[in-house]
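Novice:
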Amino acid sequence: MLTVTTNSRIGSAGASSGADFGRRDFLRIGALSLGSLTLADLVAARAVAGEDFVRDRSVVLLYLSGGASHIETFDPKLTAPPEIRSMTGEAATPIPGVTFGGTFPQLARLADRMAVVRSFHHGVGDHVKAHVHVLTGGTDPDGAGNRGFSMGSAFARLRGANHPASGLPTFTVVTSPEVDGQYRNEQGRLLKGSQPGSLGLSYAPFHHTGEDDDAGSRRSRGNKGGSLAADMQLSLPADRFDDRRSLLRELDNLNRQIDARGGLAGVDKLNEQAANLVLGGAAAAFDVKGEDPRLLQRYDTSHIRIGHKVFRPSTLGRQMLLARRLCEAGCGFVTVHSAGWDMHADGNNPGIVKGMEMLGRSVDKAVSAFLEDVRQRGLSDKILLVITGDFGRTPKVNSRGGRDHWSRLGTLAFAGGGLNMGQVVGQSARGADVPATEPYTTSHLMATVMHSLFDLGKLRLASGVPREVKQAFESAAPITELVV
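All residue numbers for the sequence shown refer to the working numbering, where the first residue is 20 and numbers rise by one.
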């Protein structure tokens with residue numbers, strides 16, 4: 020709850036733009052609670068002293084939960100036997116001899132801006148455990164959930180839980196308003212894998228549900244952007260204000276006075292950051308409606324309906340656009356969730372062909388729009404995109420037209436972030452079952468992501484870095500071909 024105490028002059032019809040206001044007449048920011056933490060607690064969660072190892076970059080982690088097929092995404096194997104090769108064909112890329120899966124034609128054209136790893140594996144074949152193992156960058160070795168910490172939480176611990184100027188949370192998870200029960204299960208797995216573990220609750224992610232006014236959800240009605248935006252903006256008891264609009268008018272008047280005075284006189288830095296989180300651009304970053312309609316159309320995936328038993332329009336394009344906006348506003352680690360990749364062709368899941376027509380096409384449009392957008396904005400070096408999931412799928416198609424769990428190979432691709440692009444790293448065996456070259460693991464993934472975000476040499480020498488974080492970064496080197 021956010022408690023607002025106003026001077027009678029502030030927000031009244033005759034209020035002067037120069038009206039005085041102080042701490043007690045301003046905002047009691049500490050009363051805004053998010054879970055078991057107050058907003059003041061979150062803003063006060065500081066970065067490691069010094070921070071000279073921090074690079075000016077962000078990460079967007081697109082997580083394909085359920086386990087995307089490595090074959091139908093980035094390793095189509097059209098020369099393999101029919102029961103192994105891609106069921107969706109292939110799409111040509113500008114890189115000689117390299118093709119992507121057939122539902123990725125737009126991404127294939129941008130392959131020179133990407134790096135695909137075809138020798139990624141980890142050996143964890145259970146959904147829940149794989150979510151935890153991958154999202155923690157291997158710091159939870161068996162994925163049981165009782166060790167380690169997520170990559171996003173590690174970033175927040177080192178960078179600070181909130182942006183120093185805007186107060187925006189530095190680790191956010193962007194999910195979608197799922198209607199299919201199976202997809203909702205996957206959302207819970209993603210959130211479990213995103214937890215901070217031993218680093219502490221201050222470094223847990225903010226969770227944005229992907230819902231907005233148009234969705235008509237009870238959680239998001241009257242807000243712009245779902246439950247996270249609701250928490251960030253306002254939540255007041257009925258006996259204090261008639262409705263949310265009344266409070267918005269009060270805050271709008273107050274914000275104009277702040278602008279007129281050039282700051283918050285007498286309010287300390289933490290309260291100013293917290294006020295910015297409520298009043299300023301931090302909450303606005305979650306509202307994509309102000310974007311150019313042509314850009315919204317470029318990202319739009321709503322014409323693709325996804326699900327298995329219950330269907331909804333795909334929101335992945337909107338999620339990726341939101342991720343770009345959050346990165347620009349100072350959120351350094353954004354996990355975007357895409358559910359439904361468990362394509363067994365059974366009672367709960369579609370087969371490969373139907374599933375890829377839904378989800379593959381969504382990824383193709385949303386991610387290609389994202390890559391073109393960040394390039395046009397001059398942000399390709401500033402934002403690292405990572406695409407991965409639970410694990411890969413069985414090399415042989417099952418009798419129903421699906422593929423089952425396969426943890427010996429998985430999907431992993433990168434774009435931007437100062438890494439070496441336009442290449443395929445490693446190779447899978449002819450049967451698409453195991454790496455044929457040096458395998459790369461989740462520990463290499465963690466090290467590569469953190470190499471993009473931090474100067475690891477300086478980080479190793481910095482004081483105040485938790486021992487377990489240093490150990491995680493030192494357990495493996497970044498993927499050689501991407502950083503040398």
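For glycine and all other residues, C-beta sits at the position ideal for the given N, C-alpha and C.
These numbers come from a predicted model, not from an experiment.
Decide if Ala348 is buried, meaning its Cβ has at least 16 other Cβ atoms within 10 Å, or exposed.
Specialist: Residue numbering aside, residue 348 sits at position 329 when the sequence shown is read from its first letter. With 16 or more other Cβ atoms within 10 Å, it is buried.
Novice: Can you tell me which residues form a DSSP beta bridge with Ala134?
Specialist: Locating residue 134 in the sequence shown gives position 115, where the first residue counts as 1. Paired residues: Phe433 and Gln442.
Novice: For Leu97, count neighbouring C-beta atoms within 10 Å of its own C-beta (all shown protein chains included) and say buried if the count is 16 or more, exposed if not.
Specialist: Taking the sequence shown and counting its residues from 1, one reaches residue 97 at position 78. Exposed.
Novice: Take Leu209 as the anchor and find which of Gly219, Ser221 and Phe225 has the nearest alpha-carbon.
Specialist: Along the sequence shown, one-based indexing puts residue 209 at 190. Among Gly219, Ser221 and Phe225, the Cα nearest to that of Leu209 belongs to Phe225.
Novice: Reducing DSSP to helix, strand and coil, say where Ser77 ends up.
Specialist: Your numbering for residue 77 matches position 58 in the sequence shown. Reduced to three states, the DSSP call for Ser77 is strand.
Novice: For the alpha helix (DSSP H) containing Ile15, name the first residue and the last one.
Specialist: Residue coverage of the chain in this structure runs from 20 to 503, which leaves residue 15 outside it and unanswerable.
Novice: Can you find the residues in the same chain that come closer than 7 Å, C-beta to C-beta, to Ala3, ignoring five residues on each side of it along the sequence?
Specialist: The requested residue 3 is not part of the displayed model; the chain covers only 20 to 503.
Novice: What whole-angstrom Cβ distance do Ser88 and Arg422 have, given they're in contact under 8 Å?
Specialist: For the purposes of this step, residue 88 is taken as residue 69 along the sequence shown, with counting starting at 1. For the purposes of this step, residue 422 is taken as residue 403 along the sequence shown, with counting starting at 1. Correct: roughly 5 Å between the Cβ atoms.
Novice: Quick check: the segment 381-394 against the segment 328-340, are there 3 or more CB pairs under 8 Å?
Specialist: Yes, the segment 381-394 touches the segment 328-340.
Novice: Buried or exposed: where does Pro19 fall if 16 or more other Cβ atoms within 10 Å of its Cβ makes it buried?
Specialist: The displayed coordinates of the chain run from 20 to 503. Any statement about residue 19 would go beyond what the structure contains.
Novice: Select from Ser138, Gly374 and Phe168 the residue whose C-alpha is nearest the C-alpha of Leu150.
Specialist: Taking the sequence shown and counting its residues from 1, one reaches residue 150 at position 131. It should be pointed out that residue 150 corresponds to His in this sequence rather than to Leu. That would be Phe168, whose Cα lies nearest to the Cα of His150.
Novice: Does Ala111 pass the burial test, meaning 16 or more other C-beta atoms within 10 Å, or should it be called exposed?
Specialist: In the sequence shown, residue 111 corresponds to position 92, counting from 1. Result: exposed.
Novice: Can you give me the C-alpha to C-alpha distance between Leu438 and Met133, rounded to a whole angstrom?
Specialist: On the sequence shown, position 419 is the one that residue 438 refers to. On the sequence shown, position 114 is the one that residue 133 refers to. C-alpha separation (whole angstroms): 9 Å.
Novice: Would Ser357 and Arg76 qualify as a contact pair, given that the criterion is a beta-carbon distance under 7 Å?
Specialist: Your numbering for residue 357 matches position 338 in the sequence shown. Your numbering for residue 76 matches position 57 in the sequence shown. Going by C-beta atoms, Ser357 is not nearer than 7 Å to Arg76.
Novice: Which stretch, first to last residue, makes up the beta strand (DSSP E) that contains His226?
Specialist: The residue you call residue 226 lines up with position 207 of the sequence shown. Looking at the DSSP string, the run of the beta strand (DSSP E) that includes His226 is Phe225 to His227.
Novice: Is Ala385 closer than 7 Å to Thr334 when the C-beta atoms are compared?
Specialist: Numbered from its first residue, the sequence shown carries residue 334 at position 315. Numbered from its first residue, the sequence shown carries residue 385 at position 366. No, the pair does not count as a contact, with Cβ atoms beyond the cut-off.
Novice: Could you tell me which residues DSSP pairs with Val405 in its beta bridges?
Specialist: Stepping through the sequence shown from its first residue, residue 405 is reached at position 386. Beta-bridge pairing links Val405 to Leu80 and Phe433.
Novice: Based on the DSSP output, what are the partners of Ser185 in its beta bridges?
Specialist: Start at 1 with the first residue of the sequence shown, and residue 185 comes out as number 166. DSSP output for Ser185 lists no bridge partner at all.
Novice: Measuring from the CB of Ala364, is there a heavy atom of the ligand SAH at a distance below 6 Å?
Specialist: No copy of the ligand SAH appears in this structure; indeed no ligand is present at all.
Novice: Ala127 to Glu91, Cα distance in whole Å?
Specialist: Stepping through the sequence shown from its first residue, residue 127 is reached at position 108. Stepping through the sequence shown from its first residue, residue 91 is reached at position 72. Distance between the alpha carbons of Ala127 and Glu91: 12 Å.
Novice: Which stretch, first to last residue, makes up the alpha helix (DSSP H) that contains Thr461?
Specialist: The sequence position of residue 461 within the sequence shown is 442, counting from 1. It spans Thr461 to Leu472 - the alpha helix (DSSP H) in which Thr461 sits, taken as one unbroken run.
Novice: If you run the structure through DSSP and keep just helix, strand and coil, what is Pro2?
Specialist: No information on residue 2 is available, as it lies outside the stretch 20 to 503 that the chain covers here.
Novice: Does Ile325 come out as helix, strand or coil in the three-state DSSP assignment?
Specialist: By one-based count along the sequence shown, residue 325 stands at place 306. Strand, per DSSP.
Novice: Going by the CB atoms, is the gap between Ile114 and Pro414 shorter than 7 Å?
Specialist: Looking up residue 414 in the sequence shown gives position 395. Looking up residue 114 in the sequence shown gives position 95. No.
Novice: DSSP state of Ala110, grouped into three classes?
Specialist: As a position in the sequence shown, residue 110 is number 91, starting the count at 1. Of the three classes helix, strand and coil, the one that applies to Ala110 here is strand, per DSSP.
Novice: Per DSSP, Trp425 forms a beta bridge with which residues?
Specialist: Position 406 of the sequence shown, counted from the first residue, corresponds to residue 425. Bridge partners of Trp425: Gly411.
Novice: Could you tell me whether the segment 484-497 touches the segment 458-466, where touching means 3 or more Cβ pairs closer than 8 Å?
Specialist: In short, these stretches touch, since the Cβ pair count reaches three.
Novice: Report all residues from its chain with a CB closer than 6 Å to the CB of Glu205; omit the five preceding and five following residues, and keep chain order.
Specialist: Here residue 205 refers to the residue found at position 186 of the sequence shown. The answer, listed in chain order, is Ser84, Gly85 and Ala358.
Novice: If Thr189 and Gly351 are in contact, beta carbons under 8 Å, what's the gap, nearest whole angstrom?
Specialist: For the purposes of this step, residue 189 is taken as the residue at position 170 of the sequence shown. For the purposes of this step, residue 351 is taken as the residue at position 332 of the sequence shown. Thr189 to Gly351, Cβ: 5 Å. Contact.
Novice: Determine the burial state of Thr158: buried for a count of at least 16 other Cβ atoms within 10 Å of its Cβ, exposed for fewer.
Specialist: As a position in the sequence shown, residue 158 is number 139, starting the count at 1. Thr158 should be labelled buried.
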